[in-house]
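Before any comments, here is the structure.
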Amino acid sequence: MRISKLYLLIALAAGSPVMAADLALTAWGSSVNAQAINLLPNGTHRLVASTRDGLQLLDNKGVGLARFNGNFSSLDTRVTGAQVLVASLDNERQQALLINLDTASKTWGQPLYLPTRDYPVTGLCLYRDGAANLFVFLVGEEGKGEQWLVGNASSLLREPQRVRGLPLPPSAQFCQVDDATQQLVVNEENVGWWAYPAHPEAEVKRTPVALFDDPKREAGAMALVPGAVVALDPKTAQLHLFQHTGKRWVEQPSLTLPGLKEPEQLSVNGQQLLVRDDDTGKLYQGTLNWQAKPVPAEPVLPEVAAVRQTDPVGRQGDAADDPAIWIHPTQPEKSRVLGTNKKQGLLAYDLDGKLLQELAVGRLNNVDVRPNFKLGARTVDLAVASNRDHNSLSLFSIDRQSGELREAGEVPTPLKDIYGICLFQPASGEIYAVANDKDGTFLQYRLSAADGRVQGELVRQFNVDSQPEGCVADDQRQRLFIGEEDVGVWAVDARADQPATLTSVIKVGPQLHADVEGLALYQSNARDYLVISSQGNDSYLVVDAEPPFATRGAFRVGLNAAAGIDGASETDGLEVTAIHLGGPWSQGMLVVQDGRKRMPEQTQNFKFVPWADVTRALKLP
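With mature numbering (1 follows the signal peptide of the UniProt record, and there is no 0) applied, the sequence shown covers -20 to -1, 1 to 601.
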């Protein structure tokens, strides 16, 4: 039965001429009891969640095709071939449910239940990332929200894994995720609609889709279409349209829904619309005719996964910063990863990430290592870190057999705000430390300890125009790479008696996103690469370490569901080696600092990635 016609002003493309479109709403289904509704992408099936009739697959005439018995509310789906992943709330068990539905055979898989939460869950929605990982967002009372990893492609995990908590609006009930743009949209009943980054490694922040200050309005359910949000206002029985321009959301003319007193649920697939009127309990369908303007999605970068991670550092907040890899001279499998805790000191881990040593010497920022340092009569390996408590260089001896670290002394500097540091060791064997200040100053020291007391002789000074941090020396080619955070990466002669002429390696731009942070060199018999932390987009850029410094590609460190290791983001320092360290490190190891520890949420740590996986992901020669 046709109940109304709507003349819609819905040219969604911002700035395009407003066109009148004719929409007819028709009552759909004879007696469908639905608390939530979903139009499947094939256009011939509908899915409903019912407190009385369970989860039901229906054809386009409302005829039941498959049922999973129970008492359900809230609903979302993702499709892979004939498999439909269904997420819903089981009201009897008070748990979120995930279950696969085969639309070809009309059969349900085995349900996967999330653990019972300590808050009432009011809604949920699904998200599939670029690596086909499947997540569910839970929306709860009093602003509580969570993100859970539940599967990959069409396969569900045996045990769902909590990824992170997410502060949401206090009166939220509905959410939807645009997988292409990785946007989570959530309602706040008396305020409006908000958008959050959906990726588990993203910064927790929100931007307004539409906000209002009108007691006669209410933010209800929404549906996402390419480039836009279609949102219901149950109080005014209106449909609101918000075009995403990439920077903000632009509201288009609203649409009245005459004949519907309490529109509570909404689903849109292409131009098909299905809406439920809570006043009558009936479903109505219609066809929307508009020209949407999709927002260009960011390029999908290849992902590699960490296979080990360190114990979390012992301080909250932004603490872990920069790693270095000490190579055991005779037994590489006994090598160690050093890491700075800039609120505590220097840490040492084995290759499984277990904490072995903790030297609480102060706020160390960056660290680097070199072998064969003469400390009096002994030959040790040397670690040097920038000490922000004293604006000095903190030196540590490393026993070449046991790997044990000991404080070896301190070299004062005139720097006002010491920041980054790296070491340079030419073929002659002496060790130089290159330290920088936030004001762009670089100081180069020749280190020695002939009588057992460490000393630093200032041999060169140069500058960049703005704040630097990361640096790394190519000992073989006597070249120093330095990062200027908002500008790019420079190369300069590392020799103290040579002029410090800066040569651009790569500038901040489409491939390298500020801040430019950690730098490291992968040096093998075949090829040498410079690895750069592109912190602004949570990626790692690989370029040739020789002119013309050709770019080889960028990648991200994603989660490892099997090992229960989250991805890495907001990376400050990193380090890499080509040495065969045994086990998964046959082609070397990449270590990156993780600024946002998830799954579970803990203090920051470091992630260990096999370089062989980077080689495959970027198809490196």
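Built from N, CA and C at the ideal position, the CB exists for glycine as well.
With distances taken from CA atoms, which of Gly547, Ser151 and Thr161 is nearest glycine 103? Stepping through the sequence shown from its first residue, residue 103 is reached at position 123. Of the candidates Gly547, Ser151 and Thr161, Ser151 places its Cα closest to the Cα of glycine 103.
Write down every uninterrupted run of the beta strand (DSSP E) in the region 76 to 115 whose length is 3 residues or greater and which is fully enclosed by it, in chain order. Listed in chain order, the complete beta strand (DSSP E) runs (minimum 3 residues) inside the region 76 to 115 are 101 to 108.
What are the uninterrupted segments assigned as beta strand (DSSP E) that are 3 or more residues long and contained completely in the region 522 to 600, given in chain order? List check, beta strand (DSSP E) in window: 531 to 538, 554 to 557, 569 to 574 and 585 to 590.
Spatial neighbours of aspartate 397 in its chain, beta-carbon cut-off 8 Å, leaving aside the 5 residues before and after: As a first step, residue 397 must be located in the sequence shown, where it is residue number 417. Hits under 8 Å: Arg368, Asn371, Asp417, Lys418 and Asp419.
C-alpha distance - leucine 69 paired with leucine 344, whole-angstrom precision: Taking the first residue of the sequence shown as 1, we reach residue 69 at position 89. Taking the first residue of the sequence shown as 1, we reach residue 344 at position 364. Those two C-alpha atoms are separated by around 48 Å.
Report yes if the C-beta distance between glutamine 63 and leucine 81 is below 9 Å; otherwise report no. Start at 1 with the first residue of the sequence shown, and residue 63 comes out as number 83. Start at 1 with the first residue of the sequence shown, and residue 81 comes out as number 101. For glutamine 63 and leucine 81, yes; Cβs fall inside 9 Å.
Would you mind sorting threonine 320 into buried or exposed? The rule is 16 or more other CB atoms within 10 Å of its CB. Numbered from 1 along the sequence shown, position 340 holds the residue referred to as residue 320. Per the 10 Å Cβ criterion, buried.
So for asparagine 18, helix, strand or coil by DSSP? Counted from its first residue, the sequence shown places residue 18 at position 38. When secondary structure is reduced to three states using DSSP, asparagine 18 falls in the strand class.
Kindly indicate the opening and closing residues of the beta strand (DSSP E) around phenylalanine 222. Counting from 1 along the sequence shown, the entry for residue 222 is found at position 242. Unbroken beta strand (DSSP E) run through phenylalanine 222: 218 to 224.
Between lysine 323 and aspartate 332, what straight-line distance do the alpha-carbon atoms span, to the nearest angstrom? Sequence index remark: in the sequence shown, residue 323 carries index 343 (1-based). Sequence index remark: in the sequence shown, residue 332 carries index 352 (1-based). Computed Cα separation, rounded: 23 Å.
Between the alpha carbons of aspartate 593 and glutamate 390, how many angstroms are there, rounded? Walking along the sequence shown from the start, residue 593 turns up at place 613. Walking along the sequence shown from the start, residue 390 turns up at place 410. For aspartate 593 and glutamate 390, the distance between alpha carbons rounds to 39 Å.
Please classify aspartate 2: is it buried, with 16 or more other beta-carbons within 10 angstroms of its beta-carbon, or exposed? As a first step, residue 2 must be located in the sequence shown, where it is residue number 22. Interpretation of aspartate 2 is limited by its pLDDT of 39, a score under 50 that renders its predicted location unreliable; no figure is taken from the coordinates.
Pick out whichever of Gly120, Lys487, Arg386 and Pro479 has its Cα sitting closest to the Cα of glutamate 465. Here residue 465 refers to the residue found at position 485 when the sequence shown is read from its first residue. The residue with the shortest Cα to Cα distance from glutamate 465 is Lys487.
Report buried or exposed for glycine 226, applying the criterion of at least 16 other Cβ atoms within 10 angstroms of its Cβ. Taking the first residue of the sequence shown as 1, we reach residue 226 at position 246. Residue environment analysis places glycine 226 among the exposed positions, since fewer than 16 neighbouring C-beta atoms fall within 10 angstroms of its C-beta.
Between which two residues does the beta strand (DSSP E) containing phenylalanine 442 stretch? Against the sequence shown, residue 442 aligns to sequence position 462. It spans 435 to 443 - the beta strand (DSSP E) in which phenylalanine 442 sits, taken as one unbroken run.
List the DSSP bridge partners of isoleucine 307. Stepping through the sequence shown from its first residue, residue 307 is reached at position 327. Looking at the DSSP assignment, isoleucine 307 forms no beta bridge with any residue, so it has no partner.
Output yes or no for whether 9 Å exceeds the beta carbon distance between alanine 277 and threonine 421. If you number the sequence shown from 1, residue 277 lands on position 297. If you number the sequence shown from 1, residue 421 lands on position 441. Not a contact, by the Cβ cut-off of 9 Å.
The beta strand (DSSP E) that contains histidine 25, what's its start and end? On the sequence shown, residue 25 is found 45 positions in, with the first residue counted as 1. Boundaries of the beta strand (DSSP E) harbouring histidine 25: 25 to 30, taken from the DSSP string.
Beta-bridge partners of serine 382, as assigned by DSSP: Stepping through the sequence shown from its first residue, residue 382 is reached at position 402. According to DSSP, which records beta bridges pairwise, serine 382 is partnered with nothing at all.
Can you name, in chain order, every residue of its own chain whose Cβ lies under 8 Å from the Cβ of tyrosine 99, other than the five neighbours on each side? Counting from one through the sequence shown, the residue named residue 99 turns up at place 119. Only Gly120, Glu121, Glu122 and Lys124 meet the Cβ criterion.
Close-in-space but distant-in-sequence residues of the same chain around alanine 506 (CB under 8 Å, 5 per side omitted): Here residue 506 is taken as the residue at index 526 of the sequence shown, counted from 1. Only Pro601 meet the Cβ criterion.
What are the boundary residues of the beta strand (DSSP E) that includes lysine 354? Working through the sequence shown from its first residue, we reach residue 354 at position 374. For lysine 354, the uninterrupted beta strand (DSSP E) run begins and ends at 344 to 355, by DSSP.
With a cut-off of 8 Å on the beta carbons, I'd call glycine 463 and proline 448 a contact; round off their distance for me. Working through the sequence shown from its first residue, we reach residue 463 at position 483. Working through the sequence shown from its first residue, we reach residue 448 at position 468. With 8 Å as the limit, glycine 463 and proline 448 qualify as a contact, their Cβ atoms being about 6 Å apart.
Cα separation between proline 292 and glycine 498? Stepping through the sequence shown from its first residue, residue 292 is reached at position 312. Stepping through the sequence shown from its first residue, residue 498 is reached at position 518. Taking the straight line joining both Cα atoms gives about 20 Å.
Which of the three DSSP states is assigned to alanine 1 in this structure? Locating residue 1 in the sequence shown gives position 21, where the first residue counts as 1. Because the pLDDT at alanine 1 is just 35, under 50, the model does not fix this residue reliably, and the point stays unresolved.
At the 9 Å Cβ level, is proline 448 part of the contact set with chain B, yes or no? Although the question refers to chain B, the structure presented lacks it and comprises just one protein chain.
Option in Pro394, Leu326, Glu550 and Val275 with minimal Cα separation from glycine 207: Numbered from 1 along the sequence shown, position 227 holds the residue referred to as residue 207. Nearest C-alpha to glycine 207: Val275.
With 16 other Cβ atoms within 10 Å as the buried cut-off, status of glutamine 296: What you label residue 296 is simply residue 316 of the sequence shown in a count that begins at 1. Counting Cβ neighbours within 10 Å, glutamine 296 comes out exposed, since fewer than 16 surround it.
CA nearest to the CA of glycine 200, picked from Leu403, Glu437 and Trp174: On the sequence shown, residue 200 is found 220 positions in, with the first residue counted as 1. Between glycine 200 and the set Leu403, Glu437 and Trp174, the nearest pair of CA atoms involves Trp174.
Along the beta strand (DSSP E) that carries aspartate 39, what are the first and last residues, could you check? Residue 39 sits at position 59 when you count from the first residue of the sequence shown. Note, aspartate 39: beta strand (DSSP E), 34 to 39.
Pairwise C-alpha distance: serine 315 and arginine 459: The residue you call residue 459 lines up with position 479 of the sequence shown. The residue you call residue 315 lines up with position 335 of the sequence shown. The alpha-carbon atoms of arginine 459 and serine 315 are separated by roughly 26 Å.
Minimum C-alpha distance to alanine 178 - residue among Leu221, Asp455, Val209 and Glu126: As a working mapping, residue 178 is identified with position 198 in the sequence shown. That would be Glu126, whose Cα lies nearest to the Cα of alanine 178.
Looking at C-beta atoms only, is the number of pairs between the region 282 to 289 and the region 305 to 313 that lie closer than 8 Å three or more? Not touching, per the Cβ criterion.
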